[in-house]
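Numbering (the working numbering), first residue to last: 2 to 116.
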(Lines of atoms letter the chains of each structure in order from A and count residues from 1; the text may use other names and numbers.)
(Lines give C-alpha, C1' and ligand atoms only; values in the text may rest on other atoms or scores of the structure.)
Protein backbone atom coordinates (compact mmCIF):
# COMPACT_ATOMS: atom_id res chain seq x y z
CA UNK A 1 0.00 0.00 0.00
CA UNK A 2 1.06 3.56 -0.59
CA UNK A 3 -0.24 7.11 -0.22
CA UNK A 4 -1.65 6.86 -3.75
CA UNK A 5 -4.12 4.02 -3.10
CA UNK A 6 -5.89 3.06 0.15
CA UNK A 7 -4.69 3.05 3.73
CA UNK A 8 -6.99 0.18 4.71
CA UNK A 9 -9.25 -2.48 3.32
CA UNK A 10 -12.79 -3.40 4.30
CA UNK A 11 -13.52 -6.98 5.32
CA UNK A 12 -17.15 -5.94 4.90
CA UNK A 13 -19.17 -2.76 4.55
CA UNK A 14 -21.22 -2.38 7.72
CA UNK A 15 -23.79 -0.09 6.12
CA UNK A 16 -24.86 1.01 2.68
CA UNK A 17 -23.71 4.53 3.57
CA UNK A 18 -20.22 3.24 4.36
CA UNK A 19 -20.09 1.58 0.95
CA UNK A 20 -21.41 4.68 -0.82
CA UNK A 21 -18.75 6.86 0.85
CA UNK A 22 -16.10 4.34 -0.17
CA UNK A 23 -17.47 4.25 -3.73
CA UNK A 24 -17.08 8.04 -4.02
CA UNK A 25 -13.43 7.74 -2.94
CA UNK A 26 -12.83 4.87 -5.40
CA UNK A 27 -14.41 6.86 -8.24
CA UNK A 28 -12.23 9.87 -7.41
CA UNK A 29 -9.05 7.76 -7.46
CA UNK A 30 -10.06 6.22 -10.80
CA UNK A 31 -10.78 9.69 -12.20
CA UNK A 32 -7.37 10.99 -11.11
CA UNK A 33 -5.64 7.99 -12.70
CA UNK A 34 -4.36 6.68 -9.37
CA UNK A 35 -6.06 3.32 -9.93
CA UNK A 36 -6.97 1.30 -12.98
CA UNK A 37 -9.57 -1.42 -13.48
CA UNK A 38 -8.11 -4.84 -14.32
CA UNK A 39 -10.01 -7.55 -16.19
CA UNK A 40 -9.00 -11.01 -14.99
CA UNK A 41 -10.72 -14.30 -15.74
CA UNK A 42 -9.20 -16.20 -12.83
CA UNK A 43 -10.89 -18.82 -10.69
CA UNK A 44 -12.14 -16.44 -8.01
CA UNK A 45 -13.35 -13.79 -10.40
CA UNK A 46 -16.12 -15.92 -11.84
CA UNK A 47 -18.09 -14.71 -8.83
CA UNK A 48 -18.07 -11.19 -10.24
CA UNK A 49 -15.42 -9.41 -8.22
CA UNK A 50 -13.74 -6.32 -9.64
CA UNK A 51 -9.99 -5.81 -9.45
CA UNK A 52 -8.30 -2.43 -9.29
CA UNK A 53 -4.56 -1.82 -9.39
CA UNK A 54 -2.65 1.12 -7.94
CA UNK A 55 -0.42 2.78 -10.56
CA UNK A 56 2.24 3.63 -7.98
CA UNK A 57 2.72 0.50 -5.84
CA UNK A 58 0.98 -2.04 -8.15
CA UNK A 59 -1.15 -3.37 -5.29
CA UNK A 60 -4.22 -5.24 -6.55
CA UNK A 61 -7.45 -4.47 -4.70
CA UNK A 62 -10.53 -6.71 -5.00
CA UNK A 63 -14.01 -5.23 -4.68
CA UNK A 64 -17.15 -7.21 -3.96
CA UNK A 65 -20.21 -4.95 -3.99
CA UNK A 66 -22.69 -5.44 -1.12
CA UNK A 67 -25.97 -7.08 -2.08
CA UNK A 68 -28.82 -7.66 0.41
CA UNK A 69 -27.29 -9.83 3.20
CA UNK A 70 -23.86 -10.05 1.54
CA UNK A 71 -21.91 -7.08 2.90
CA UNK A 72 -19.17 -7.16 0.27
CA UNK A 73 -15.50 -6.31 0.80
CA UNK A 74 -12.59 -4.29 -0.53
CA UNK A 75 -9.27 -5.98 0.21
CA UNK A 76 -5.77 -6.45 -1.10
CA UNK A 77 -5.62 -9.49 -3.37
CA UNK A 78 -3.95 -11.84 -0.86
CA UNK A 79 -6.47 -10.93 1.85
CA UNK A 80 -9.42 -11.27 -0.54
CA UNK A 81 -8.30 -14.76 -1.58
CA UNK A 82 -7.82 -15.70 2.07
CA UNK A 83 -11.32 -14.44 2.94
CA UNK A 84 -12.92 -16.34 0.05
CA UNK A 85 -11.08 -19.51 1.05
CA UNK A 86 -12.29 -19.08 4.64
CA UNK A 87 -15.86 -18.67 3.42
CA UNK A 88 -15.49 -21.74 1.21
CA UNK A 89 -17.19 -20.12 -1.78
CA UNK A 90 -14.77 -21.55 -4.34
CA UNK A 91 -14.99 -25.10 -2.98
CA UNK A 92 -18.79 -24.96 -2.93
CA UNK A 93 -18.86 -23.78 -6.53
CA UNK A 94 -16.54 -26.58 -7.62
CA UNK A 95 -18.75 -29.19 -5.92
CA UNK A 96 -21.85 -27.86 -7.66
CA UNK A 97 -20.04 -27.88 -11.01
CA UNK A 98 -18.95 -31.50 -10.55
CA UNK A 99 -22.47 -32.54 -9.58
CA UNK A 100 -23.91 -30.79 -12.63
CA UNK A 101 -21.38 -32.48 -14.92
CA UNK A 102 -22.20 -35.87 -13.38
CA UNK A 103 -25.94 -35.34 -13.93
CA UNK A 104 -25.36 -34.38 -17.56
CA UNK A 105 -23.30 -37.52 -18.14
CA UNK A 106 -26.00 -39.69 -16.53
CA UNK A 107 -28.73 -38.08 -18.65
CA UNK A 108 -26.76 -38.52 -21.87
CA UNK A 109 -26.00 -42.15 -20.99
CA UNK A 110 -29.66 -42.90 -20.27
CA UNK A 111 -30.67 -41.18 -23.51
CA UNK A 112 -28.18 -43.24 -25.52
CA UNK A 113 -29.31 -46.50 -23.89
CA UNK A 114 -33.00 -45.79 -24.53
CA UNK A 115 -32.41 -44.67 -28.10
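Beta carbons are placed, not taken as given, at the ideal position from N, Cα and C, and that holds for glycine.
One Cα belongs to residue 8, the other to residue 89, and the distance between them is close to 27 Å. If you keep only unbroken beta strand (DSSP E) runs of at least 3 residues inside the segment 66–113, you get 74–77.
For residue 54, the enclosing beta strand (DSSP E) stretches over residues 51–55. Spanning the alpha carbons of residue 25 and residue 82 requires a straight line of approximately 25 Å.
Straight-line spacing of the CA atoms in residue 59 and residue 28 works out to 18 Å. Pairing residue 77 with residue 34, the inter-Cα distance amounts to about 19 Å.
Check the Cα spacing between residue 4 and each of 14, 36 and 18: the tightest is with 36.
Spatial neighbours of residue 65 in its own chain (CB-CB distance under 6 Å, excluding positions within 5 residues in sequence) are listed in chain order as 50, 73 and 74.
In this structure, residue 6 keeps its C-beta atom at 8 Å or more from the C-beta atom of residue 63.
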